[in-house]
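First to last, the protein sequences are chains A and B. Its first residue numbered 2, the first sequence is counted upward by one per residue in this note's numbering. Its first residue numbered 34, the second sequence is counted upward by one per residue in this note's numbering. We treat Cβ as the ideally placed atom computed from N, Cα and C, and that holds for glycine. Since the model is a prediction, treat every value here as computed from it, not as a measurement.
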Amino acid sequence: MTVYEFSFRTGKVMIDQEKCLTCDSYACVKACSLFGTNLYRIEDGKPVLIADPQEAGRRCIEDLSCELYCQIYGNKGLRIVLDMFGLDEYRQRIGLG
Amino acid sequence: MPKLYEYQGKKLLRNQGVTIPEGDVASTPGEARKIAEKLSRPVIIKAQVGATGRFKAGGIKFANNADEAEKAAGELLGKKIKGIKVEKVLVEEKLAISQELYASVIVNDSYKVKGPVLILSTEGGINIEEVAKRSPEKVVSMNISILDGLTVEDVKNLISKVDISADLVGPLSKVIYGLYEVFRKYSARSAEINPLVVTTDAKIYPADCRMVIDEASVFKYPELEIGYPRDIDREPTELERLAWRVEEEDYRGVAYFVQMAMDFEPGQGYVGFHGIGGGGAMLGADALMRHGLKLANYADTSGNPTASKVYRVVKLIFSQPNIDGYILMGPVIANQEQWHHAHALVKALREELTTRPNFPVIILIAGNKEEESLEILRNGLKGLPARIEIYGRDYVNNVDHVARHMKKLVEEYRKGGEVKSR
């Protein structure tokens, strides 16, 4: 599995590019173009950043749209992991998982 | 807005060159005793809580010696004053009071001012509004230009408008100027000395000091050690502290979260409340309560927060065990781009609702990008095993309808036998 990832201010985007190879929706790219700051372009059938990862991370407005559109309209290859600042551990502790 | 304790405010005044009464802060009766011993004179012991009216509430005691000081501190520490547990007391020399004045700097939000206002009264120790009403000649004020700042001469000019002994003008102007400088340096919303005491030997001391710091500026002043800069009259819960971390780590927009109830059982009608737009959200909260529901929490995401921030708030709300429903009450035509809320809600609810069959969810969202947001929500939440109702601008002025439906969904959820302890 080839995971392409970049970090933004409070989390990171992880893209399983093998899934992208069989996806022709480009949902993540379109979503970022509409709701975000247009961070992606398609290269060899896969989404890649238009800027270096640090710059992309700075420009990302954390709208979460790329993940949602990938999950609904795409091939479910893009995932966003957010820093929850201790909430995950709290939930584990009280049994909410 | 975070309030500083009296001892913290006085320390800032002292750093600004203002003479404050001798004394120190104590966390144990033994420490209070040592401070009193060092002072070797009658002392005053004051509970350090962020509430006014401490004297009437029994939060201030006097002692003639170290034994009495230790006893008084022991009585205050751990006691609740106006619902707040006393963790520290300030032990100070007792002042021989000849006159009580009042001085404050507050931010006046009125469109005519929009800046700091300096207020001085020759009668202090009580509510300044009462003095202004009863004896307006005793109260003077001036608007301070943010661009030009304040000079000692400005302060002297203000003092000259009230009946103050000429030999006090110099020292009084120094204290008031110091108060303004502290106000300015620490991004305060208000800084107040009440009473500002003139002693029998004609010295001036701040006998109290209350400062409220602008919430969004707290990060600039780590030395103030404000761990939880929300204005609540109790210790924050663990979940509230986690919520503050969400705010602290990302200042884009607002993520407000406070718990209204803890330790409730499933089926008691407590719902997770998520508002947009303070006043409108409160109307919505009132409507829910009118219809017999209870709020487990009050949350607000306004000011165009990022979707990631809204997501965290939704997750915080769902981190309260035993809630009987979730409602996003946004009965305002919001200027913020609502699709960020929609994305956040879809991500969070897709995670939360798969394990909560028939869980009641109501979303009322309106304003900028409303149509797109409603579409995102309908598509994103389709197929989830919960009872979800989504409303737009048509219901902004009909929160009673929304509340009534929430009540109905919660009742159906209870009757459906799906209410389980989580």
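What do you get for residue i, buried or exposed, if any count of 16 or more other CB atoms within 10 angstroms of its CB means buried?
{"i": "residue 170 of chain B", "result": "exposed"}
{"i": "residue 457 of chain B", "result": "Only positions 34 to 455 of chain B appear in this structure, which leaves residue 457 of chain B out of reach."}
{"i": "residue 95 of chain B", "result": "exposed"}
{"i": "residue 167 of chain B", "result": "exposed"}
{"i": "residue 95 of chain A", "result": "exposed"}
{"i": "residue 309 of chain B", "result": "buried"}
{"i": "residue 200 of chain B", "result": "exposed"}
{"i": "residue 454 of chain B", "result": "Note that residue 454 of chain B scores a pLDDT of 40, beneath 50, so its modelled location is shaky and nothing firm can be said."}
{"i": "residue 208 of chain B", "result": "buried"}
{"i": "residue 28 of chain A", "result": "buried"}
{"i": "residue 142 of chain B", "result": "exposed"}
{"i": "residue 397 of chain B", "result": "buried"}
{"i": "residue 322 of chain B", "result": "exposed"}
{"i": "residue 234 of chain B", "result": "exposed"}
{"i": "residue 338 of chain B", "result": "buried"}
{"i": "residue 176 of chain B", "result": "exposed"}
{"i": "residue 317 of chain B", "result": "buried"}
{"i": "residue 311 of chain B", "result": "exposed"}
{"i": "residue 252 of chain B", "result": "exposed"}
{"i": "residue 287 of chain B", "result": "buried"}
{"i": "residue 66 of chain A", "result": "buried"}
{"i": "residue 187 of chain B", "result": "buried"}
{"i": "residue 227 of chain B", "result": "buried"}
{"i": "residue 144 of chain B", "result": "exposed"}
When you compare each of the options to residue i by their alpha carbons, which one comes out closest?
{"i": "residue 90 of chain B", "options": "B:79, B:283, B:99", "result": "B:79"}
{"i": "residue 88 of chain A", "options": "A:98, A:30, A:81", "result": "A:98"}
{"i": "residue 53 of chain B", "options": "B:177, B:127, B:398, B:238", "result": "B:238"}
{"i": "residue 71 of chain A", "options": "B:380, B:138, B:354, B:336", "result": "B:380"}
{"i": "residue 159 of chain B", "options": "B:109, B:106, B:87, B:195", "result": "B:87"}
{"i": "residue 64 of chain A", "options": "A:10, A:91, A:21, A:48", "result": "A:10"}
{"i": "residue 165 of chain B", "options": "B:35, B:179, B:195", "result": "B:195"}
{"i": "residue 56 of chain A", "options": "A:82, A:34, A:41, A:66", "result": "A:41"}
{"i": "residue 44 of chain B", "options": "B:429, B:248, B:58", "result": "B:58"}
{"i": "residue 280 of chain B", "options": "B:349, B:135, B:107, B:228", "result": "B:349"}
{"i": "residue 151 of chain B", "options": "B:83, B:274, B:411, B:213", "result": "B:213"}
{"i": "residue 202 of chain B", "options": "B:384, B:181, B:134, B:48", "result": "B:134"}
{"i": "residue 69 of chain A", "options": "B:82, B:247, B:374", "result": "B:374"}
{"i": "residue 136 of chain B", "options": "B:388, B:191, B:355, B:290", "result": "B:191"}
{"i": "residue 86 of chain A", "options": "B:294, B:434, B:300, B:274", "result": "B:274"}
{"i": "residue 264 of chain B", "options": "B:249, B:254, B:256, B:255", "result": "B:249"}
{"i": "residue 62 of chain A", "options": "A:13, A:6, A:8, A:38", "result": "A:38"}
{"i": "residue 268 of chain B", "options": "B:383, B:358, B:114", "result": "B:114"}
{"i": "residue 419 of chain B", "options": "B:266, B:426, B:358, B:123", "result": "B:358"}
{"i": "residue 386 of chain B", "options": "B:104, B:415, B:402", "result": "B:415"}
{"i": "residue 222 of chain B", "options": "B:189, B:247, B:118, B:345", "result": "B:247"}
{"i": "residue 393 of chain B", "options": "B:189, B:305, B:174", "result": "B:305"}
Tell me the DSSP bridge mates of residue i?
{"i": "residue 361 of chain B", "result": "B:307, B:396"}
{"i": "residue 48 of chain A", "result": "A:43"}
{"i": "residue 148 of chain B", "result": "B:141"}
{"i": "residue 15 of chain A", "result": "A:6, A:80"}
{"i": "residue 56 of chain B", "result": "B:125"}
{"i": "residue 37 of chain B", "result": "B:244"}
{"i": "residue 420 of chain B", "result": "B:393"}
{"i": "residue 133 of chain B", "result": "B:230"}
{"i": "residue 153 of chain B", "result": "B:136, B:173"}
{"i": "residue 331 of chain B", "result": "B:291"}
{"i": "residue 95 of chain A", "result": "Residue 95 of chain A is not bridged to any residue."}
{"i": "residue 76 of chain B", "result": "B:96, B:126"}
{"i": "residue 461 of chain B", "result": "Outside the displayed span of chain B (34 to 455) sits residue 461 of chain B, for which this structure offers no information."}
{"i": "residue 33 of chain B", "result": "Outside the shown range of chain B (34 to 455) lies residue 33 of chain B, about which nothing can therefore be said."}
Positions along the stretch 384-413 of chain B whose CB lies within less than 8 Å of some CB in chain A: Under the 8 Å Cβ criterion, the stretch 384-413 of chain B contributes 409, 412, 413.
Given a limit of 8 Å on CB to CB distance, which residues of the stretch 365-378 of chain B reach chain A? The stretch 365-378 of chain B vs chain A, Cβ under 8 Å: 372, 373, 376, 377.
Tell me which residues of the stretch 343-355 of chain B have at least one Cβ-Cβ distance to chain A shorter than 8 Å, keeping chain order. Residues passing the 8 Å Cβ filter: 344, 345, 348, 349, 351, 352, 354.
Give, in chain order, every residue of the stretch 76-96 of chain A whose Cβ lies closer than 7 Å to some Cβ of chain B. Hits within the stretch, in order: 83, 85, 86, 87, 88, 91, 92, 95.
Closer than 8 Å, Cβ to any Cβ of chain A: which residues of the stretch 324-343 of chain B, in chain order? Answer set for the stretch 324-343 of chain B: 339, 340, 341, 342.
Interface positions of the stretch 273-287 of chain B facing chain A (Cβ-Cβ less than 7 Å), listed along the chain: Taking 7 Å as the Cβ-Cβ cut-off against chain A, the residues of the stretch 273-287 of chain B that qualify are 275, 278, 279, 282, 283.
If you scan the stretch 183-211 of chain B from start to end, which runs of the alpha helix (DSSP H) of 4 or more residues do you find wholly inside it? Correct list: 185-192.
Under 7 Å (Cβ pairs) to chain B, residues found in the stretch 46-66 of chain A: Residues passing the 7 Å Cβ filter: 62, 63, 64, 65, 66.
Quick one, which residues of the stretch 3-25 of chain A are near chain B if we go by CB-CB under 9 Å, in chain order? Across the stretch 3-25 of chain A, CB contacts with chain B closer than 9 Å involve 9, 10, 11, 12, in sequence order along the chain.
Mind pulling the alpha helix (DSSP H) runs of 4 or more residues that sit fully within the stretch 213-296 of chain B? If one requires a minimum length of 4 residues, the alpha helix (DSSP H) runs lying completely within the stretch 213-296 of chain B are 271-282, in chain order.
Listed in chain order, which residues of the stretch 247-275 of chain B have Cβ atoms closer than 9 Å to some Cβ of chain A? Residues passing the 9 Å Cβ filter: 271, 272, 274, 275.
Short-range partners of chain B found in the stretch 30-46 of chain A, where Cβ spacing is below 7 Å: So the close ones are 36.
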